[in-house]
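Residue 165 in the numbering used here sits at position 132 of the sequence shown, with consecutive numbering throughout. What follows is a single structure, written as structure tokens, with notes after it.
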Amino acid sequence: MRLIKYFERKAKGKLVGELEGLRFLAIVPVVIQHYIERWHRNVDPSTLTEFQRIMIDYFLGGSSGVYLFYIISGFILTLPFAVRVTENKPKPLGNLKQYFVRRLTRLEPPYIAVMLIMAYAAYFFGKMETREILGYFFTGITYSTNLVYHHFNQLNPVIWSLEVEIQFYILAPFLAWAVFKIKSFQNRNIALVSAIVLAIVLQDITDITNGENFLRYTILGQVQYFLVGIMMVNLYLRKKLVPDGPDKQFWNVAATAAVFTMIGFYWVYGLIKTLVFTAVLTILFVGAFRSSWFNRFMKWPWIMAIGGMCYSIYLLHLAIAQASMEVMLRLKDNIKNDYLWFAGYTILFFGLLIVIVPIFYLLIEKPCMDHSWPYKLAAFFKSKMPWTTSVQKRDLPASKDI
Numbered sequence: 034m035r036l037i038k039y040f041e042r043k044a045k046g047k048l049v050g051e052l053e054g055l056r057f058l059a060i061v062p063v064v065i066q067h068y069i070e071r072w073h074r075n076v077d078p079s080t081l082t083e084f085q086r087i088m089i090d091y092f093l094g095g096s097s098g099v100y101l102f103y104i105i106s107g108f109i110l111t112l113p114f115a116v117r118v119t120e121n122k123p124k125p126l127g128n129l130k131q132y133f134v135r136r137l138t139r140l141e142p143p144y145i146a147v148m149l150i151m152a153y154a155a156y157f158f159g160k161m162e163t164r165e166i167l168g169y170f171f172t173g174i175t176y177s178t179n180l181v182y183h184h185f186n187q188l189n190p191v192i193w194s195l196e197v198e199i200q201f202y203i204l205a206p207f208l209a210w211a212v213f214k215i216k217s218f219q220n221r222n223i224a225l226v227s228a229i230v231l232a233i234v235l236q237d238i239t240d241i242t243n244g245e246n247f248l249r250y251t252i253l254g255q256v257q258y259f260l261v262g263i264m265m266v267n268l269y270l271r272k273k274l275v276p277d278g279p280d281k282q283f284w285n286v287a288a289t290a291a292v293f294t295m296i297g298f299y300w301v302y303g304l305i306k307t308l309v310f311t312a313v314l315t316i317l318f319v320g321a322f323r324s325s326w327f328n329r330f331m332k333w334p335w336i337m338a339i340g341g342m343c344y345s346i347y348l349l350h351l352a353i354a355q356a357s358m359e360v361m362l363r364l365k366d367n368i369k370n371d372y373l374w375f376a377g378y379t380i381l382f383f384g385l386l387i388v389i390v391p392i393f394y395l396l397i398e399k400p401c402m403d404h405s406w407p408y409k410l411a412a413f414f415k416s417k418m419p420w421t422t423s424v425q426k427r428d429l430p431a432s433k434d435i
């Protein structure tokens, strides 16, 4: 069996390959940003050349990949509801209990596992007081750190974006219903574009996107990206996101340019910059579908596999980068050459990432992609209980009766 088979993503419905490719494009800049950031914090700025400073500033904009994740979530979560509404199904919102339970059983086990690891590491290495660890752990697993502390979770700072995702998960069914109850395709587009622009304007007026404002790190500061995802659903259902069309070469170039432009947005703040950035991400998303060779690149098996592991990568990469840097800082006095020291950090970080993440993904995250895993797990433990085993044996017919 090919190695790639172990990493192929399980999906209950149709797997849209472009989404896995987009996940890849979202997670790679984020990983590179934190990898560069941890190194940049521990070097003497005066030793850097002008070119190095330019490249560092560029790659530190990799956090923009987070906003692409929001568009992907907006697409994935509203698509099934949009289908139900447009097809006039009896229950347009379907089974909401099942929807929320599925979100919980799919995302929470890997998340809690990582938070437990982070909490134990913080305690073991004496990084913070027990009271702080418990506070960040419990606000972390309840997705409330930003609401309680008004800053990032110190056990795993990257989870701020997951708190925003959860807020959208709650709203997604109702937003989908509200949008797709509008009968006209064009009117839905007009409504969505208007809502996106209005959200950005209101953010600018209220200064929500200011980095010091904790509301930036809530749905109020990020809603436009989810709305773009919903708009992409509208296009997708009308077959407007089809590859290899007459304009495929344009979308090849536009999508490629959008990838590098996206990373260049070091900090998205202000009316014009946010409008332009949102447009860039929209171009990238559309281009991922409507291009030719760019589309094929997105659906290359290993690109899709890495994209499929994005949740595990996202949860673990920052801790791996920090741990790698702390190891290298202990060796800095013994490695006099800065380039050799940076090479050591690079090899250690990516080596650990390549080993740890796939193991975590295969053992923890991927099993949770099976929507029936809680029932299978319960059945497994039930079968191992001594009283159930004895009952089963007692109920078996004697061999002479068979």
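From the three backbone atoms N, C-alpha and C, an ideal C-beta is built for every residue, glycine too. None of these values were measured; they are calculated from a predicted model.
Option in the options with minimal Cα separation from residue i
i	options	result
ALA290	PHE327, LEU304, VAL181 and LEU81	PHE327
GLU70	PHE414, MET358 and GLU41	MET358
LEU58	PHE293, TYR408 and ASN179	PHE293
LEU36	ASN243, ARG271 and ALA338	ALA338
GLY50	CYS401, MET331 and ARG363	MET331
GLN200	THR138, LEU110, ASN222 and MET265	LEU110
PHE25	GLY320, LEU395 and LEU126	With the chain covering 34 to 435 only, the question about residue 25 has no answer from this structure.
TYR302	VAL234, ILE346 and SER324	VAL234
ILE192	LEU204, TRP210, ALA209 and PHE171	PHE171
TYR68	ILE238, ARG136, ASN189 and HIS350	HIS350
TYR372	LEU81, TYR39 and LEU52	LEU81
CYS401	LEU270, MET342 and GLU245	MET342
MET148	PRO190, ALA356, ARG271 and LEU93	PRO190
LEU188	ASN267, TYR176 and ILE166	ILE166
TYR347	PHE40, VAL63, ASP366 and ASN243	VAL63
VAL309	TRP72, SER97 and ASN75	SER97
ALA211	ARG117, ALA232, THR307 and GLU141	ARG117
PRO143	PHE414, TYR39, SER416 and VAL390	VAL390
ARG329	LYS365, ASN246 and LYS281	LYS281
GLN355	PRO78, ASP366 and LEU386	LEU386
PHE382	HIS183, LEU112, MET361 and GLU83	MET361
Simplified DSSP assignment, three categories, for residue i
i	result
TYR408	helix
ASP434	Only weak support exists for where ASP434 lies, its pLDDT of 37 falling under 50; the coordinates are left without a value.
VAL309	helix
TRP374	helix
VAL319	helix
PRO400	helix
LYS417	helix
VAL301	coil
SER357	helix
ILE387	helix
THR187	Correcting the residue type first, residue 187 is Gln in the shown sequence and not Thr. Reduced to three states, the DSSP call for GLN187 is coil.
TRP326	helix
LYS122	coil
PHE158	coil
ILE241	coil
LYS272	coil
LYS38	helix
Beta-carbon spacing of residue i, residue j below 7 Å
i	j	result
VAL436	ILE252	Outside the displayed span of the chain (34 to 435) sits residue 436, for which this structure offers no information.
GLY95	ILE65	yes
GLN169	ASN186	The amino acid occupying residue 169 in the given sequence is Tyr; Gln does not appear at that position. Yes, the Cβ-Cβ distance between TYR169 and ASN186 is below 7 Å.
LEU304	PRO206	no
ALA146	ILE353	no
PHE318	ILE104	yes
SER345	TYR394	yes
THR119	PHE213	yes
GLN257	THR311	yes
ALA224	PHE114	no
TRP374	ILE380	no
ILE229	LEU274	no
ARG139	GLY340	no
MET161	ALA152	no
LEU93	TYR250	no
GLY54	ILE336	yes
MET295	VAL313	yes
ILE89	HIS73	yes
GLY244	TYR91	no
ARG164	PHE218	no
Close Cβ partners of residue i (< 6 Å) along its chain, the five nearest in sequence each way excluded
i	result
THR248	At residue 248 the sequence reads Leu, which differs from the Thr that was named. Within the same chain, LEU248 has close Cβ partners ILE241 and GLY254.
SER194	VAL99
LEU268	LEU274
Spatial neighbours of residue i in its chain, beta-carbon cut-off 8 Å, leaving aside the 5 residues before and after
i	result
LYS426	Its pLDDT being 48, under 50, LYS426 is placed unreliably by the model, and the measurement read from it follows with that caveat. Taken in chain order, the list of residues that qualify is empty.
VAL226	MET264
ALA431	A caution first: ALA431 carries a pLDDT of 46, below 50, which makes its placement in the model unreliable, though a value can still be read off. Within the same chain, ALA431 has no close Cβ partners at all.
LEU52	ILE105, PHE108, ILE109 and GLY340
TRP406	THR138 and PRO400
Heavy atom of the ligand HEM within 6 Å of residue i beta-carbon
i	result
MET151	What this structure holds is no ligand at all, so the ligand HEM is not there to describe.
Contacts around residue i, its chain only, beta-carbon distance under 7 Å, and the 5 residues preceding and following it disregarded
i	result
ASP277	SER325
MET418	none
LEU129	PRO206
Minimum Cβ-Cβ distance from residue i to chain B less than 7 Å
i	result
LEU93	Going by chain labels, chain B is absent from the structure shown, which holds only one protein chain.
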